[in-house]
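Following our numbering, the numbering of the sequence shown begins with 7 at its first residue and continues without gaps.
Everything on this sheet refers to the single structure shown next.
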Amino acid sequence: MMKKILFALLAFPLFALSQTEQYYVTFLKGTVVLQRTKQPLKPGDKISAEDKLIFKDKTCKLNCISPGKGRFEISATQGKANEEGELLAVLKSSLLPVANTYHLSTRALMFEGYEPKTYFRSEETNNRILLLTDQALPIVSSYKREAGNFFFVQYQLNGKTITRKVEHSELGLQFKPELFMDGTSHTEKAMLCYQSKESGTARSSVLAEFIPVLSNTTEIKEQVKLVSKFSGITDPKKLNAEITSHIYANYGKIGLETLSNLGQ
7 MMKKILFALL AFPLFALSQT EQYYVTFLKG TVVLQRTKQP LKPGDKISAE
57 DKLIFKDKTC KLNCISPGKG RFEISATQGK ANEEGELLAV LKSSLLPVAN
107 TYHLSTRALM FEGYEPKTYF RSEETNNRIL LLTDQALPIV SSYKREAGNF
157 FFVQYQLNGK TITRKVEHSE LGLQFKPELF MDGTSHTEKA MLCYQSKESG
207 TARSSVLAEF IPVLSNTTEI KEQVKLVSKF SGITDPKKLN AEITSHIYAN
257 YGKIGLETLS NLGQ
């Protein structure tokens with residue numbers, strides 16, 4: 007009898023450890039180091055509620071997901087400086103749940119491209135617009151491509167006004183990183199403009215002011231894959247909403263048609 011009790015007492019800590027809540031990293035901003043391994047975390051890594059995280063600077067943050075429990079966020083602002091001056095936080099006491107607060111529109115039955123005037127405006131993301139640098143953004147055909155008609159971005163950077171023409175093909179608008187750079191500096195805000203030419207007269211108009219967030223199809227596909235794998239959601243409609251909210255929160259607005267194609 008005593009042997010059975012002793013075994014139960016010894017086994018309990020192991021059982022408790024196995025029951026520790028597990029989380030999977032889905033998104034990282036900056037460098038976040040897992041203290042017990044001394045290695046930087048990366049998307050897809052598994053961490054436990056007891057883990058301690060070290061943030062390399064005050065701008066770092068981490069998003070993770072717990073199967074069946076939803077998405078969570080922890081940032082450097084929740085950390086406390088240790089003896090070495092590093093910002094450190096314990097996962098279980100610092101996690102904040104991420105709610106799906108975005109009102110997502112439904113996909114159009116007949117998609118013919120996005121209207122730039124509305125696409126580049128988003129109150130829900132504070133006008134952060136996710137642009138894929140290796141994929142054209144399809145737009146409606148009402149914007150002509152003939153000589154004298156073109157899109158351009160304009161912004162203030164390094165004390166000067168910078169204007170760059172946006173490549174426009176039959177596939178849509180192509181947003182290369184250099185559109186938003188002056189030397190090694192990146193602009194935080196830009197205006198999307200369009201010049202039209204009719205009867206020999208050129209007119210330019212500002213369509214929207216936005217915050218460009220640049221990424222690529224490989225990175226966003228990986229995000230879709232991680233949320234799909236670890237969310238524990240099986241209902242397709244709910245899963246799509248979870249994925250879209252995750253992208254909106256950590257990157258910016260993306261067209262549902264574009265996101266759907268990335269998930270295929």
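Cβ coordinates follow ideal geometry from the N, Cα and C atoms, glycine included.
Between the options, which lies nearest to residue i when the distance is taken from Cα to Cα?
i: P271; options: G119, L34, A55 and E56; result: Residue 271 lies beyond the residue range present for the chain, which begins at 7 and ends at 270; the question has no answer from this structure.
i: P218; options: K244, F61, P242 and F186; result: F186
i: E194; options: V230, H174 and R134; result: R134
i: D63; options: T83, L101 and Y149; result: T83
i: G165; options: N155, S191, L177 and L143; result: S191
i: I80; options: T264, F61, D241 and E130; result: F61
i: T37; options: A55, K67, D57 and E27; result: K67
i: K206; options: N155, E92 and T250; result: It should be pointed out that residue 206 corresponds to Gly in this sequence rather than to Lys. Answer by Cα proximity: N155.
i: S211; options: F157, V172, I168 and I239; result: F157
i: K150; options: S234, K243 and E176; result: E176
Suppose you measure from the CA of residue i to the CA of residue j; what does that come to, to the nearest Å?
i: V104; j: E204; result: 49 Å
i: L163; j: D188; result: 7 Å
i: A153; j: A208; result: 11 Å
i: F126; j: N132; result: 11 Å
i: K86; j: R170; result: 43 Å
i: G261; j: G50; result: 25 Å
i: N267; j: T65; result: 31 Å
i: K227; j: L265; result: 9 Å
i: L40; j: L143; result: 37 Å
i: P122; j: S128; result: 12 Å
i: Q141; j: S202; result: 24 Å
i: A5; j: E263; result: Residue 5 is absent from the structure shown; the chain starts at 7 and stops at 270.
With a Cβ-Cβ cutoff of 8 Å, do residue i and residue j count as a contact?
i: G269; j: L136; result: no
i: V146; j: E184; result: no
i: T32; j: L232; result: yes
i: N222; j: L138; result: yes
i: L179; j: Y200; result: no
i: E130; j: Y29; result: no
i: L59; j: L101; result: no
i: M197; j: Q160; result: yes
i: N69; j: N256; result: yes
i: E248; j: S237; result: yes
Taking 7 Å as the cut-off, is the C-beta of residue i nearer than that to any heavy atom in the ligand PLP?
i: I249; result: With respect to small molecules bound, the structure shown includes none, and the ligand PLP cannot be examined in it.
Check residue i in the structure and name its three-state DSSP category.
i: F236; result: helix
i: N164; result: coil
i: Y257; result: coil
i: L6; result: Outside the shown range of the chain (7 to 270) lies residue 6, about which nothing can therefore be said.
i: P144; result: coil
i: S251; result: helix
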